[in-house]
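Peer 1: This is the structure I want to talk about, given as structure tokens.
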Amino acid sequence: MGDISISVDEVRRVAAKMVDVVPDEPDIRGFSVADQPDLSLALAEFVGCMNDCTAERRRGVQALAAGLREVADMFESLDASTQADIRALGAVEGWVIE
């Protein structure tokens, strides 16, 4: 298995990019079909579901980006000796932590 190289700076860049890459999609607007209340209700439920999914995806990406930033901050806040220990532990698995 090849080495995995992890750069704390790259983790920060990825976190920032993730939020930028996910489009800020507007919610789908609801509409109704005249004289067809059952179809209008089904469409309203579908639109509501799609909007919920879009909002959940946005929250998931924001949470993942925040988590990546927290990991980078946590690693950088460690003293040099602890960072060296983590690098040594990662090296056992073939990781290079920069």
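For the sequence shown, the positions run 27 to 124 when my numbering is used. Yeah, the Cβ is synthetic: ideal placement off N, Cα and C, and Gly gets one too.
1. Can you tell which of Val97, Glu51, Asp99, Ala60 has the C-alpha that lies nearest to the C-alpha of Glu82?
2. DSSP on Val122, reduced to helix/strand/coil?
3. Give the secondary structure of Ser31 by DSSP, where H, G and I count as helix, E and B as strand, and everything else as coil.
4. Which of the three DSSP states is assigned to Ser58 in this structure?
5. Does DSSP put Ile50 in a helix, a strand or coil?
6. Buried or exposed: where does Ala91 fall if 16 or more other Cβ atoms within 10 Å of its Cβ makes it buried?
7. Are Ala68 and Gly56 close, meaning C-beta to C-beta below 8 angstroms?
8. Would you check if the distance between the CB atom of Val73 and the CB atom of Ser66 is smaller than 8 angstroms?
9. Tell me the residue span of the alpha helix (DSSP H) that contains Leu67.
10. Here's the rule: buried if 16 or more other CB atoms are within 10 angstroms of the residue's CB, otherwise exposed. What is Ala42?
Peer 2: On the basis of the data shown:
1. Translated into the one-based positions of the sequence shown, residue 82 becomes position 56. The candidate whose alpha carbon is nearest that of Glu82 is Glu51.
2. Here residue 122 refers to the residue found at position 96 when the sequence shown is read from its first residue. Val122: strand per DSSP, three-state reduction.
3. Here residue 31 refers to the residue found at position 5 of the sequence shown. It is a strand residue.
4. As a position in the sequence shown, residue 58 is number 32, starting the count at 1. In this structure, Ser58 counts as coil in the three-state DSSP scheme.
5. Residue numbering aside, residue 50 sits at position 24 when the sequence shown is read from its first letter. Ile is not the amino acid found at residue 50; the sequence shown has Asp there. In the structure shown, Asp50 sits in coil (DSSP, three-state: anything other than H, G, I, E or B).
6. Here residue 91 corresponds to residue number 65 of the sequence shown, with the count starting at 1. Buried, by the Cβ-count rule.
7. For the purposes of this step, residue 68 is taken as residue 42 along the sequence shown, with counting starting at 1. For the purposes of this step, residue 56 is taken as residue 30 along the sequence shown, with counting starting at 1. No; because the gap between Cβ atoms is not below 8 angstroms, this pair is not in contact.
8. The residue labelled residue 73 in the question sits at position 47 within the sequence shown. The residue labelled residue 66 in the question sits at position 40 within the sequence shown. Going by C-beta atoms, Val73 is not nearer than 8 angstroms to Ser66.
9. For the purposes of this step, residue 67 is identified with residue 41 of the sequence shown, where counting begins at 1. Per DSSP, Leu67 belongs to the alpha helix (DSSP H) from 63 to 103.
10. For the purposes of this step, residue 42 is taken as the residue at position 16 of the sequence shown. With fewer than 16 Cβ atoms within 10 Å of its Cβ, Ala42 is classed as exposed.
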